[in-house]
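> Once you've had a glance at the structure underneath, I'll fire off some questions.
4 protein chains.
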Amino acid sequence: MNFPSSTSPKPLAIIAGVGTGLGASIARRFAAAYTTVLLARKLEHLLPIEKGITDRGGDAFSVACDVSQPESVKNAFGKIEEVFPGRACAVAVFNATGPFVMKSVLDVEVEEFDKGYGVSMKGTLLFSQRAIPLLLSSSTSPHPPTLIFTGASASLKGSALFSIFSAPKFGLRSLAQSIAREFNPKGIHVCHAVIDGPLDVPWAKEYLGGKTDEETIDPEEVAETYWALHCQGRRGWSFEVDVRAMGEKW
Amino acid sequence: MNFPSSTSPKPLAIIAGVGTGLGASIARRFAAAYTTVLLARKLEHLLPIEKGITDRGGDAFSVACDVSQPESVKNAFGKIEEVFPGRACAVAVFNATGPFVMKSVLDVEVEEFDKGYGVSMKGTLLFSQRAIPLLLSSSTSPHPPTLIFTGASASLKGSALFSIFSAPKFGLRSLAQSIAREFNPKGIHVCHAVIDGPLDVPWAKEYLGGKTDEETIDPEEVAETYWALHCQGRRGWSFEVDVRAMGEKW
Amino acid sequence: MNFPSSTSPKPLAIIAGVGTGLGASIARRFAAAYTTVLLARKLEHLLPIEKGITDRGGDAFSVACDVSQPESVKNAFGKIEEVFPGRACAVAVFNATGPFVMKSVLDVEVEEFDKGYGVSMKGTLLFSQRAIPLLLSSSTSPHPPTLIFTGASASLKGSALFSIFSAPKFGLRSLAQSIAREFNPKGIHVCHAVIDGPLDVPWAKEYLGGKTDEETIDPEEVAETYWALHCQGRRGWSFEVDVRAMGEKW
Amino acid sequence: MNFPSSTSPKPLAIIAGVGTGLGASIARRFAAAYTTVLLARKLEHLLPIEKGITDRGGDAFSVACDVSQPESVKNAFGKIEEVFPGRACAVAVFNATGPFVMKSVLDVEVEEFDKGYGVSMKGTLLFSQRAIPLLLSSSTSPHPPTLIFTGASASLKGSALFSIFSAPKFGLRSLAQSIAREFNPKGIHVCHAVIDGPLDVPWAKEYLGGKTDEETIDPEEVAETYWALHCQGRRGWSFEVDVRAMGEKW
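Those protein sequence lines, which keep their order, are chains A, B, C and D.
The letter at position 247 of the first sequence is residue 1042 when you use the numbering used here, and the numbering goes up by one with no holes.
The letter at position 102 of the second sequence is residue 897 when you use the numbering used here, and the numbering goes up by one with no holes.
The letter at position 145 of the third sequence is residue 940 when you use the numbering used here, and the numbering goes up by one with no holes.
The letter at position 70 of the fourth sequence is residue 865 when you use the numbering used here, and the numbering goes up by one with no holes.
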């Protein structure tokens, strides 16, 4: 992963849902080739990741954005246009995720259910509506413009007690399919990654319990797969790909 | 389809989403054995169906209910408890559906997207949270208590231009799975029916265009399948079943 | 389940794979309305089931048939034509199954793998090629002619150590889809039932171990579902339906 | 795609089903890093591809092999062991495919159906039984040993008239899943690629009709994806990935 020293403006890679986990790995990976724009609700979560990228010679720019709020998304993309006027966009990744709470469907509160919808479905819609026009505009990247959505095994299976997390993930997958089928013929590569299993990220240490390395997913590996997806050409690209650790039961 | 003349109180069959189409057929079918409770946003849509059932000797009771509104759902089930205190509930069917609008994902408005979520996902949650406790209480029906959700081919495939309809239908299916996996072991039979193709209902005549009878689904047939699902025993019941017309391409 | 006393010739229901388990239940269920033809490799397995049906006033006729052998299938259907010349056929059920053996893919022997293919795939082809023309000919049954295939959860998921059983079950499902898509428009109702979990049949008692009734599938329930599938009309029939016990984990 | 000049023995990449189409692209791609072993029924189909690789500085070795014949597979792997004694194997790709013939299920001949089974299912089994032990032995490759199977959209959907091609492709997918679930925990990365649409290969020109470049898949792109799959690490690898052209309807 080396950083080119070119001074000509690099295309943008806009990553939504950059926390301390997978989003940061994705941002760092795409920073090897592009100017990365980092989106998350809290700017203070973004700044250390931005610094990590710029310290290594990459370009990064942080924007606070709540993907579930139309105004916030509008403002974030307005800010991007303001800071990088007319800059091409090569990649957009939607990696935001709603609450991960297990409980009986009888105990689910409307507020938390709404929140999952707000991030995973409304957020997907709002982000895509802003990102797609940027991706459609001409890019200087050798790779087709790419829009990647992060899903989970819960995108494919509604397990008991997982309705808050799973239902909107199903919805996100549906949206990703609709977007792919509409915009593939216009040259946008749309992907949906099914992350099957726990990510080995700092905040999950407790949740992971006694799992071995081989039972958890390395976010750097996922980021590498996102990069490989982006590198596919328009005469042979993938919509859906699963990613799991070798020790995962499936 | 004959109506028993028993005077002992019949268990309830609560049907949400009773309009002029499939919901009415379902209500009539279950009225052959149960006291049917009809839910829809507008009481005036329910009353002719209620009358059709009572004219043939069945029992029906209409309650206005917007399934996407917590207060409305709460009030509707409060009304049911008030009118039929302690009455067992044998069947609950969620047949409500959100807007069926085709448009580019770029043109989807948050309001219409929210509406699809409100009916198909939040409505599913709110209705199920009220219906499940009734279904868990002892019933005098010989069949396991049954909770049926109406899905569509859009529950399985996100087509281009269908995001408003499809994304929440995916979410509904996920919820139905989560509910099934949680409540099957407690004796509730949960079903998700994938209606694959256009229903031959009055309001769809124009939409159906020149389709022949054999290319459209007869709602009476679907209602019969819902009844057959209800009749399955707990040692061999179905979660998911597709239904289509013989002339459907799939 | 009562047996009509009509003396006019009843249409045939041809059931392949009638052993002591599910096939027998299916045969008995369809014997309530039709003259059942029982097929299995060994005539001595069929005769007690035939007797059970005729003792209760039904019509049954046994034919030895190895569904994996073209000549044997040809001879069996020749025999049927000879005994019931010109008789309409209302239902054909393919319930035969190959070896159920668990082992590492490294230890699978070609002979046992061939055997699974022979029954589940070649058998499906050979049986369908003979049954479909009979189903296409006019029937006196009020229900559309129906061709039902028995699948398993292994039809949808290739588990570790299950290749001998699972791979041909996937193949069977594919064939069932191809047949449905070709012959639905010609009026044949084609179904694929996914039996998800262990059947409570005599020979499986040991295999089932300490499972409770609620964790095993009652073959009588499955037979009832097959009957319900047969009763669906051509403006709303099902291709695929899963069947499981209330206590099944899925 | 550059060829390393290292003189130390490169690990093997064994590719079965190398004709003039996708297999040749895959072989060329893996020849950039490994000594490729090319398998196909006819040696004369392999030699030009072998020459193309060696002319560019790569290592290639051709072995005639009918994957549907146990003796032939045994002999081919015996030959490999003889020529490359103790050589590590980094990759095995099963790209062989059975007959692609469209016809009514009523007209399918047992011989052609057997042939599809022989290649796609028995061939998969026989090839895997020989390749897996090689993959399990220590390798000098930095990437986990990888076993890739080529599937098609017919692996997921049994279309009308496609039973000869589709049924065994379903079976192959099942086998791939069983192998993945058994050997993932032992460190083998198993993949199933769903090639969705026509490949732009010489022999398909007529079949492709008036399709544009953007409606056909470039086999070089697929080969690149196979390489990317191979490069995934064991803490984040993929089992299934679809590949299609931007203009494909799906």
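Just so it is clear, CB atoms sit at the ideal spot from N, CA and C, and this is done for glycine as well.
It should be emphasised that the depicted structure is a prediction, and the values quoted were computed from it without experimental measurement.
Quick check on DSSP: helix, strand or coil for Gly814/A?
As a working mapping, residue 814/A is identified with position 19 in the first sequence. Of the three classes helix, strand and coil, the one that applies to Gly814/A here is coil, per DSSP.
> On the three-pair Cβ rule with 8 angstroms, is the stretch 807–814 of chain C touching the stretch 827–845 of chain C?
Cβ pair count under 8 angstroms is three or more, so yes.
> In the DSSP assignment, what residue or residues form a beta bridge with Ser1032/D?
By one-based count along the fourth sequence, residue 1032/D stands at place 237. Here residue 1032/D turns out to be Trp, not Ser, going by the sequence shown. In the DSSP output, where bridge partners are listed per residue, Trp1032/D has Arg1039/A.
> With contact counted as at least three CB pairs below 8 angstroms, one residue from each stretch, are the stretch 901–912 of chain B and the stretch 854–861 of chain B in contact?
No, they do not touch.
> Can you tell me where the beta strand (DSSP E) with Thr831/A in it begins and where it stops?
By 1-based counting over the first sequence, the position of residue 831/A is 36. Segment 830–835, the beta strand (DSSP E) holding Thr831/A.
> Taking Ala828/D as the query, report the chain A residues whose CB atoms sit under 8 angstroms from its CB, ordered along the chain.
In the fourth sequence, counting from the first residue as 1, residue 828/D sits at position 33. Those do not exist, as Ala828/D stays about 16 angstroms from chain A at its closest Cβ, beyond 8 angstroms.
> Output needed for Glu1019/C: all residues of its chain with C-beta closer than 7 angstroms, excluding positions within five of it in sequence on either side, in chain order.
Position 224 of the third sequence, counting from 1, holds the residue named residue 1019/C. The residues are Arg824.
> Among Glu1010/C, Ser969/C, Ile943/C, which residue has its Cα nearest to the Cα of Gly1031/B?
The residue you call residue 1031/B lines up with position 236 of the second sequence. If we check each option's Cα against that of Gly1031/B, Glu1010/C comes out closest.
> Please list the residues of the stretch 966–998 of chain B that have a C-beta atom closer than 8 angstroms to any C-beta atom in chain C, keeping them in chain order.
Flagged, chain order: Arg976, Asn979, Pro980, Gly982, His984, Asp995.
> Can you list, in chain order, the stretches of the alpha helix (DSSP H) that have 4 or more residues and sit fully within the stretch 838–888 of chain C?
For the stretch 838–888 of chain C, whole alpha helix (DSSP H) runs of length 4 or above, ordered along the chain, are 838–850, 865–878.
> Between the C-alpha atoms of Lys1000/C and Thr1007/C, what's the straight-line distance to the nearest angstrom?
Here the question's residue 1000/C lines up with position 205 in the third sequence. Here the question's residue 1007/C lines up with position 212 in the third sequence. Between Lys1000/C and Thr1007/C, the C-alpha separation is close to 11 angstroms.
> Is any beta-carbon of chain C found at less than 8 angstroms from that of Ala916/D?
Residue 916/D sits at position 121 when you count from the first residue of the fourth sequence. In the sequence as presented, Ala is not what sits at residue 916/D; that position holds Met. Judged by the 8 angstroms Cβ criterion, Met916/D is in contact with chain C.
> Which one or two residues does DSSP pair with Thr945/B in a beta bridge?
In the second sequence, counting from the first residue as 1, residue 945/B sits at position 150. Thr945/B is bridged to Ala988/B.
> Identify, in the order they occur along the chain, each residue of the same chain with its Cβ nearer than 6 angstroms to the Cβ of Asn797/A, setting aside the five sequence neighbours on each side.
Here residue 797/A corresponds to residue number 2 of the first sequence, with the count starting at 1. Its pLDDT being 41, under 50, Asn797/A is placed unreliably by the model, and the measurement read from it follows with that caveat. Taken in chain order, the list of residues that qualify is empty.
> Between Pro894/C, Lys981/C, Lys874/C, which lies nearest to Ser933/C when the distance is taken from Cα to Cα?
On the third sequence, residue 933/C is found 138 positions in, with the first residue counted as 1. Taking only the C-alpha atoms, the option nearest Ser933/C is Lys981/C.
> Is Gly893/A near the ligand NAD, going by C-beta to nearest heavy atom under 7 angstroms?
Here there are no bound small molecules, and the ligand NAD is not part of this structure.
> By DSSP's criteria, Ile1012/C is part of a beta bridge. Which residues make up the other side?
Stepping through the third sequence from its first residue, residue 1012/C is reached at position 217. According to DSSP, which records beta bridges pairwise, Ile1012/C is partnered with Leu994/C.
> So, is the C-beta of Gly953/D closer than 8 angstroms to a C-beta in chain C?
For this step, residue 953/D is matched to residue 158 along the fourth sequence. Cβ-Cβ to chain C under 8 angstroms: yes for Gly953/D.
> From Ile959/A to Gly893/B, what distance separates their C-alpha atoms?
Within the first sequence, the letter at position 164 stands for residue 959/A. Within the second sequence, the letter at position 98 stands for residue 893/B. Cα-Cα distance, rounded: 20 angstroms.
> So which residues on chain B does Ile1012/C lean against when the C-beta distance must stay under 9 angstroms?
Here residue 1012/C refers to the residue found at position 217 when the third sequence is read from its first residue. Neighbours of Ile1012/C on chain B, chain order: Arg1030, Gly1031.
> Phe798/A by DSSP, collapsed to three states: which one?
Against the first sequence, residue 798/A aligns to sequence position 3. Note that Phe798/A has pLDDT 44, beneath the 50 cutoff, so the model's placement of it is unreliable and no number is given.
> I'd like the list of long-range same chain contacts for Tyr1002/B, defined as Cβ closer than 8 angstroms, with 5 residues on each side in sequence excluded.
As a first step, residue 1002/B must be located in the second sequence, where it is residue number 207. Only Pro993 meet the Cβ criterion.
> With distances taken from CA atoms, which of Ala819/A, Leu920/A, Val888/A, Val996/A is nearest Ala808/A?
Stepping through the first sequence from its first residue, residue 808/A is reached at position 13. Closest by alpha carbon: Val888/A.
> Cutting at 6 angstroms between CB atoms, please list the residues of its own chain near Thr830/B, excluding the five before and the five after it.
As a first step, residue 830/B must be located in the second sequence, where it is residue number 35. Lys805, Leu807, Asp854, listed in sequence order.
> Pick out whichever of Val1017/A, Ile983/A, Asp1037/A has its Cα sitting closest to the Cα of Met1041/D.
The count along the fourth sequence starts at 1 and reaches residue 1041/D at position 246. Selected option, being the one with the closest Cα: Ile983/A.
> Determine which residues of the stretch 920–940 of chain D have a Cβ less than 9 angstroms from any Cβ of chain C, and write them out in chain order.
Listed by position, the residues of the stretch 920–940 of chain D near chain C (Cβ gap below 9 angstroms) are Leu920, Leu921, Ser923, Gln924, Ile927, Pro928.
> Give me, in chain order, the residues of the same chain whose beta-carbon lies closer than 6 angstroms to that of Ser936/C; leave out the 5 immediate sequence neighbours on both sides.
Locating residue 936/C in the third sequence gives position 141, where the first residue counts as 1. So the list reads Pro806, Ala885, once near-sequence residues are dropped.
> For Ala827/D, name the three-state secondary structure that DSSP assigns.
The residue you call residue 827/D lines up with position 32 of the fourth sequence. Note: Ala827/D maps to coil in three-state DSSP.
> Quick check: what's the CA-CA separation for Trp1022/B versus Val1036/D?
Position 227 of the second sequence holds residue 1022/B. Position 241 of the fourth sequence holds residue 1036/D. Their backbone Cα atoms lie some 40 angstroms apart in a straight line.
> Using a Cβ cut-off of 8 angstroms (strictly closer), state whether Val862/D contacts chain C.
For this step, residue 862/D is matched to residue 67 along the fourth sequence. So no, Val862/D is outside the interface.
> How about Ala971/A and Ser961/A: are their beta carbons less than 8 angstroms apart?
Along the first sequence, one-based indexing puts residue 971/A at 176. Along the first sequence, one-based indexing puts residue 961/A at 166. Cβ distance not < 8 angstroms, so Ala971/A and Ser961/A don't count as in contact.
> Using only the alpha-carbon positions, how far apart do Ile990/A and Arg968/A sit?
Position 195 of the first sequence, counted from the start, is the residue given in the question as residue 990/A. Position 173 of the first sequence, counted from the start, is the residue given in the question as residue 968/A. Going from the Cα of Ile990/A to the Cα of Arg968/A covers about 12 angstroms.
> Is the distance from the Cβ of Asn890/D to the Cβ of Thr945/D below 8 angstroms?
In the fourth sequence, counting from the first residue as 1, residue 890/D sits at position 95. In the fourth sequence, counting from the first residue as 1, residue 945/D sits at position 150. For Asn890/D and Thr945/D, yes; Cβs fall inside 8 angstroms.
> Report the residues of the stretch 889–902 of chain B with a CB closer than 8 angstroms to any CB of chain A, ordered along the chain.
Cβ contacts with chain A: Ser899, Val900, Leu901.
> So what's Ala955/C in DSSP terms, helix, strand or just coil?
Sequence index remark: in the third sequence, residue 955/C carries index 160 (1-based). Coil.
> If you run the structure through DSSP and keep just helix, strand and coil, what is Ala891/D?
Position 96 of the fourth sequence, counted from the start, is the residue given in the question as residue 891/D. DSSP places Ala891/D in coil when its eight states are reduced to three.
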